[in-house]
Structures are given as structure tokens and as C-alpha cells.
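S.K.:
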Amino acid sequence: MPEMTMVRIYVLEGERKHHKPMADEIFSRLHKDHKVKGVTQFRGIAGFGSHGVVHYADLAHINAHLPIVIEFFDTTEVIEDTLTWLRELIDSDKIVTWKIQVG
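Per this note's numbering, residue 16 is the first one in the sequence shown, and the count goes up by one each step.
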């Protein structure tokens, strides 16, 4: 079985790229252009990043910029190709990778 890698990307729902929400742009390209084996997109209820700004959902903050996590996996070869354009799209400190075993 080929070596597999998992990738996790952290963005905020308000981030945009090419006039489109960043998470949608990434999800779409992973599906249509790179055809990775599996992608899941999670919308967080709270989070903070390197700047320490807390983002959370409650009735007073309905339009908060909540965290979104996009997780996907494929062979290490496919992931390395995918990471090339991802690193051009977002800061590399928002991308985490690790080797996985499938099956």
C-alpha cells in the first residue's frame, strides 16, 4: 500500500480568495482539480490562532469569523503536489501534515 498523508488546514470563514470564501476555494480545488481521496470541512464554534484573537459563536456574535478546518488525505505523492498550490494560497503555518495508515 502506498504511503498516505493527512492534511489539516485552518482558515476563518470570513477569509476570501478570488472573490470567493477561502474555504470554498480550497474545497472546490481539492475536489475538482486535485481529486484527493477524501475531504471534510468542519465549522468550529470557537478558536484562536497565533494572534490570540478569540472567535466564537453566540447570539451576540452571529457574524463572527468562526474557524473552519479542512481535512483531507491521499497518497504522499498527491499531497506533495497539492501542498505546492496550497502554500501559494495561504500561510504555511496554517497547514499541518502527518503520515497515516489506512485500512
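Ideal placement from N, C-alpha and C gives every residue a C-beta, glycine not left out.
Between H46, I60 and G64, which lies nearest to D207 when the distance is taken from Cα to Cα?
M.R.: Because residue 207 is not part of the residues shown, which for the chain are 16 to 118, the question remains open.
S.K.: Roughly how far, in whole angstroms, is the beta-carbon of M16 from the beta-carbon of I115, given that I think they are within contact range, below 8 Å?
M.R.: Wrong, their Cβ atoms sit about 11 Å apart, outside the cutoff.
S.K.: In angstroms, rounded to a whole number, what distance separates the CA positions of L45 and P82?
M.R.: Approximately 19 Å between the Cα atoms of the pair.
S.K.: Measuring only the C-alpha atoms, how far is V26 from R58?
M.R.: For V26 and R58, the distance between alpha carbons rounds to 10 Å.
S.K.: Comparing the C-beta of M19 with each C-beta of chain D, is any distance below 9 Å?
M.R.: Of the protein chains in this structure there is only one, and it is not chain D.
S.K.: Using the DSSP secondary-structure output, state which residues sit across from W100 in a beta bridge.
M.R.: The partner list for W100 (beta bridge, DSSP) is empty, contrary to what the question assumes.
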